[in-house]
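Structure first, commentary second.
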Amino acid sequence: MEISLKTLPDEEYVAPGRGGCPGCPAVLGCRMASKVLGRNTIQVTSTGCMCVNYGYYGAPRYPFVHSLFENAGAVISGIDASLKAQGKRDGVNLFGYCGDGGTVDIGLQALSGAAERGHRFLYICYDNEGYMNTGSQRSGATPPGARTSTTPVSKLSPGERRPFRRKKDMVRIMAAHGIPYAASASLAYPLDYLRKVKKAIEIDGPTYIHLQSPCLTGWGIPESQGVAVARLAVQTCVFPVYEVYDGNVFKITVKPREKKPIEEYLKVQGRFRHLFTDGWPEEIAKFQAEVDENWRVLNALEQMANGGENA
Amino acid sequence: MTRVFISGTHAVAEAADLADVKVIAAYPITPQTSIVETLARKVSSGELKAEMVPVESEHSAMSTVVGASLAGARAFTASSSQGLALMHEVLPYASGLRLPIVMAIANRALASPVSIFNDQQDSLSQRDSGWLQFYVKNAQEALDFILIAYRLAEDPRVLLPVMVCMDGFSISHTSEPVEIPSRELVREFLPAFKANYPHLDLEDPKVFNVMAFPDHFEEFQRDKHESSRNVLVITDEVYGDFNRLFGRQYGNVEYYQASDAEVVLVGMGSMMGTVRDVVDALRAAGQKVGMARVASYRPFPVSEIRSALKSARTIGVLDRDISFGAGGILYQDVVRSLYNESGPRPRAINFIVGLGGRDVSHRTIRTCFERLFLASDKEALGTEGELQWPDENEKLLKTWEVGKTYGN
């Protein structure tokens, strides 16, 4: 089945009326993925927003496990091994949907182990760039200059003071495991995202998708603007959308026609407001330099995969 | 049935094979390692048809068997010491999900300081995790109790995970004659696995590890407690079946010369074999001594201990562990069992022994009995005399000034 708006099923695999902030992109991302995965799915979600949104009263119409914070990768490993041992593995979509805290920080070890052992699963990290379920604390995925409750803004500090280019690049970390498929995706490009979900779930091995998931409350954006902010992240190249096959073949799947300056992305979010109002122009310049360097490297990697030609 | 000469770890691996486990996940740690090495060989050769998941930590080992059990397969793991401590967070998760997982523990001290040697601090520190705990005395029991553990864990009146604890090295690495029962008889005792608990089922989707609010949470906990107590009711039937099929009778407490004893030593694990030996020697000399070995630590056989010990004049509890600032862990359970008994109660003394592999010798046990006889002649021991260190290294206590102020 080719993924298009026409081929996606009308059937909902998540019951209506469940938790989650109005307009929450993490909820949207999971529901969208479920449209591709269907009923024969087992979902594992580590502690975080989504275990509250889906786990309180049971939202999914397929089995759902709220794991502990750091062990989603290992619980997935056990389910995979168990189904294989029982001869029941075929036709089951084993799917992790976990936040950035449970992925890039506390859950990195278990996920890394699951990947290097070669279990069959799709793991989607919904990256809202902080511990948003506990009220917006910084994580290893918080961008530089962001205000969180543990990186407060003061006269002395512009929020998160991450060294240059040190936000964990989870797609490349996963790709470095040599897994068959790792990708990033954006809610603003839904068909690109869902095609990646479909591609990943059909692979007999570990696959990973990093989904940027703007947090309305944590990032300080209006309820209606989650997807718009995600689009700006791609258009400014703050969050490039790409794939990595077998650990080393890079392909950028959405290339902005015109690379917008990052101010357009930063200024619409409350967590970066102080950069403009409190006089931290050098932080914005540093952030832009980081984005430029990451974009240059990514294009070089893609070029390398094409034998020197840019796609 | 065959009779072989094997170590405790090997016996446990044979038991897991006989139980036809489908998923094994483990991480190496001394003295457990050879259990999973043996199982890895069995899986690799095709002798055991199971998935072996060589995980990257014990936290993941326990998480992986949780996933495996949730997906409806019989799952097994093993650990020791730091590894078990690392699993700590996942243990109540497993028991709360009511997963019938069995884990073998080769008991080893907890750091710091580092010791690879035996005491029971590691598993006793997991006392309140919702797991059942059995302590065995030799390799044969280690094998037998893995089978008994699965039978109990999977009983619909229980549905709780079980630890089978054997002393590191003195059981895990000591070879002795072990009877390996036939698969047919084992299958009669422990039927082929069928997930009879809420599990991952596409036809009947459920949410696992739900949020429980204050109006529900306590009853979830109460249910684990009641199910754990059910074990004490059904063990007669389970031990009876085991004896009928394999000719070995077990109990939640093993007694030796205890019924008419004036002085009784209570304890767990391999050192109780030494106690038995000393009981024989002292009985031969006319002293009325006895032994009670606790096999089922969780659930704790409160009434049974009470009725067995209430007529003794003095009891001693051997603890191969210590709850710092309080005393032995087993002691607290034993004394608590006697407290509400009407009429005279025995005096009780707590002996801390065998920490970090210190040998529990015949001499240790004789010292304990001597002190118990002395205590029974005294009016009261006082709080200090209640806790004894029969094998203390007097020289070290002095030169290190143990318990004195640190610094210059």
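Taken in sequence, the protein lines are chains Z and E.
Quick note: the first sequence uses the working numbering, first residue 1, plus one each step.
Quick note: the second sequence uses the working numbering, first residue 312, plus one each step.
Virtual Cβ for every residue (Gly too), placed ideally from N, Cα, C.
ask   = Could you check where the alpha helix (DSSP H) with residue 706 (chain E) kicks off and where it finishes?
value = Where residue 706 (chain E) is concerned, the enclosing alpha helix (DSSP H) stretches over 705-710.
Beta-carbon contacts of residue 574 (chain E) that lie in its chain and below 8 angstroms, excluding the five residues immediately before and after = For residue 574 (chain E), where only same-chain residues beyond five positions count, the Cβ hits under 8 angstroms are 598, 599, 600, 601, 623, 624, 625, 626, 627, 680, 683, 684 and 687.
query = Looking at C-alpha atoms only, which residue of E:551, E:567, E:566 and E:568 is the closest neighbour of residue 560 (chain E)?
reply = For the residues E:551, E:567, E:566 and E:568, the minimum Cα distance to residue 560 (chain E) belongs to E:551.
task = Scan the region 38-60 of chain Z for residues whose Cβ lies nearer than 9 angstroms to a Cβ of chain E and list them as they occur along the chain.
result = Correct list: 39, 40, 41, 42, 44, 51, 52, 54, 55, 56, 57, 58, 59 and 60.
request  = Determine the extent of the beta strand (DSSP E) in which residue 630 (chain E) is found, giving its start and end residues.
outcome  = Segment 625-630, the beta strand (DSSP E) holding residue 630 (chain E).
message = Tell me the rounded alpha-carbon separation between residue 450 (chain E) and residue 473 (chain E).
response = Their backbone Cα atoms lie some 18 angstroms apart in a straight line.
query = In terms of residue numbering, what span does the alpha helix (DSSP H) encompassing residue 236 (chain Z) cover?
reply = Neither: residue 236 (chain Z) is in no alpha helix (DSSP H) and is coded neither H nor E.
key: Nearest neighbour of residue 312 (chain E), chosen from E:320, E:478 and E:325 [CA to CA]   = Of the candidates E:320, E:478 and E:325, the one whose C-alpha sits nearest the C-alpha of residue 312 (chain E) is E:325.
ask   = Just the Cα atoms here: how many angstroms apart are residue 621 (chain E) and residue 645 (chain E)?
value = Straight-line spacing of the CA atoms in residue 621 (chain E) and residue 645 (chain E) works out to 11 angstroms.
inquiry  = I'd like to check one pair, residue 193 (chain Z) with residue 32 (chain Z): are the Cβ atoms closer than 9 angstroms?
reply    = Yes, the Cβ-Cβ distance between residue 32 (chain Z) and residue 193 (chain Z) is below 9 angstroms.
ask   = Helix, strand or coil for residue 327 (chain E) per DSSP?
value = Of the three classes helix, strand and coil, the one that applies to residue 327 (chain E) here is helix, per DSSP.
query = Do the region 538-556 of chain E and the region 97-105 of chain Z make contact, defined as three or more Cβ pairs closer than 8 angstroms?
reply = Segments in contact, no.
key: Contacting positions in the region 320-340 of chain E - beta carbon closer than 7 angstroms to chain Z   = Considering only beta carbons, the part of the region 320-340 of chain E lying closer than 7 angstroms to chain Z consists of 333, 334 and 336, in chain order.
message = Just to make sure I have the definition right: I need the residues of chain Z whose C-beta is within less than 9 angstroms of the C-beta of residue 512 (chain E). Which are they?
response = Simply 63.
task = Return helix, strand or coil for residue 100 (chain Z), following the three-state DSSP convention.
result = Residue state, collapsed to three classes: coil.
key: Closest residue to residue 380 (chain E) among E:639, E:362 and E:468 (Cα-Cα distance)   = For the residues E:639, E:362 and E:468, the minimum Cα distance to residue 380 (chain E) belongs to E:362.
query = If you draw a straight line from the C-alpha of residue 121 (chain Z) to the C-alpha of residue 80 (chain Z), how long is it?
reply = So the alpha carbons of these two residues sit roughly 8 angstroms apart.
message = Could you check whether residue 167 (chain Z) and residue 130 (chain Z) sit closer than 9 angstroms to each other, using their CB atoms as the reference points?
response = No, they are not a contact pair.
task = Consult DSSP for residue 490 (chain E) and reduce its assignment to one of helix, strand or coil.
result = In the displayed model, residue 490 (chain E) falls within a strand according to three-state DSSP.
key: Residues of the region 355-383 of chain E with Cβ closer than 9 angstroms to any Cβ of chain Z, in chain order   = Within the region 355-383 of chain E, the qualifying residues are 360, 361, 362, 363, 364, 365, 366, 367, 368, 370, 371, 372, 373, 374, 375, 376, 377, 378, 379, 380, 381, 382 and 383.
request  = Could you say if the region 12-31 of chain Z and the region 369-376 of chain E meet the contact criterion of at least three C-beta pairs nearer than 8 angstroms?
outcome  = Taking a contact to require three or more Cβ pairs closer than 8 angstroms, the region 12-31 of chain Z and the region 369-376 of chain E do not qualify as touching.
ask   = What are the boundary residues of the alpha helix (DSSP H) that residue 405 (chain E) is part of?
value = Unbroken alpha helix (DSSP H) run through residue 405 (chain E): 401-407.
inquiry  = Counting only Cβ pairs nearer than 8 angstroms, list the residues of chain E close to residue 86 (chain Z).
reply    = In chain order: 333, 382, 383 and 384.
ask   = Using a Cβ-Cβ cut-off of 6 angstroms (strictly less than) and excluding sequence neighbours within five positions of residue 159 (chain Z), which residues of its own chain qualify?
value = Cβ within range, chain order: 145, 146, 147, 151 and 153.
request  = Inspect the CB distances between the region 525-542 of chain E and the region 73-90 of chain Z and report whether three or more fall short of 8 angstroms.
outcome  = No, they do not touch.
key: Within-9 angstroms CB hit, residue 691 (chain E) to chain Z   = With a pLDDT of 48 at residue 691 (chain E), under the threshold of 50, the predicted position of this residue should be treated as unreliable, though the coordinate-derived value follows. Cβ-Cβ to chain Z under 9 angstroms: no for residue 691 (chain E).
query = Identify the residues that DSSP records as bridge partners of residue 243 (chain Z): which are they?
reply = DSSP, once it has assigned bridges, lists Z:183 and Z:251 as partnering residue 243 (chain Z).
inquiry  = Threshold first: 4 residues or longer. Then list the alpha helix (DSSP H) segments lying entirely within the region 193-226 of chain Z, N to C.
reply    = Counting only unbroken stretches of 4 or more residues, the alpha helix (DSSP H) elements lying wholly within the region 193-226 of chain Z are 216-219, in sequence order.
request  = Leaving out five residues on either side along the sequence, give the residues of the same chain with a beta carbon under 7 angstroms from the beta carbon of residue 23 (chain Z).
outcome  = Closer than 7 angstroms at Cβ, skipping near neighbours: 216, 223, 224 and 226.
task = Identify the continuous beta strand (DSSP E) that holds residue 39 (chain Z) and give its terminal residues.
result = Here residue 39 (chain Z) belongs to no beta strand (DSSP E), and DSSP marks it neither H nor E.
message = Cutting at 7 angstroms between CB atoms, please list the residues of its own chain near residue 87 (chain Z), excluding the five before and the five after it.
response = Result list for residue 87 (chain Z): empty, nothing under 7 angstroms.
request  = Compare the C-beta of residue 210 (chain Z) with all C-beta atoms of chain E and state if any pair is closer than 9 angstroms.
outcome  = Taking Cβ atoms only, chain E never reaches closer than 9 angstroms to residue 210 (chain Z), which makes this a no.
inquiry  = Taking the beta carbon of residue 386 (chain E) as the centre, do at least 16 other beta carbons fall within 10 Å, making it buried, or is it exposed?
reply    = Buried, because 16 or more other Cβ atoms sit within 10 Å of the Cβ of residue 386 (chain E).
inquiry  = Which residues in chain E have a C-beta closer than 7 angstroms to the C-beta of residue 71 (chain Z)? List them in chain order.
reply    = Neighbours of residue 71 (chain Z) on chain E, chain order: 370, 371, 374 and 401.
task = Note down, in chain order, each residue of its chain lying with its Cβ closer than 6 angstroms to the Cβ of residue 46 (chain Z), except the 5 sequence neighbours on either side.
result = Closer than 6 angstroms at Cβ, skipping near neighbours: 67, 69, 72, 98, 102 and 107.
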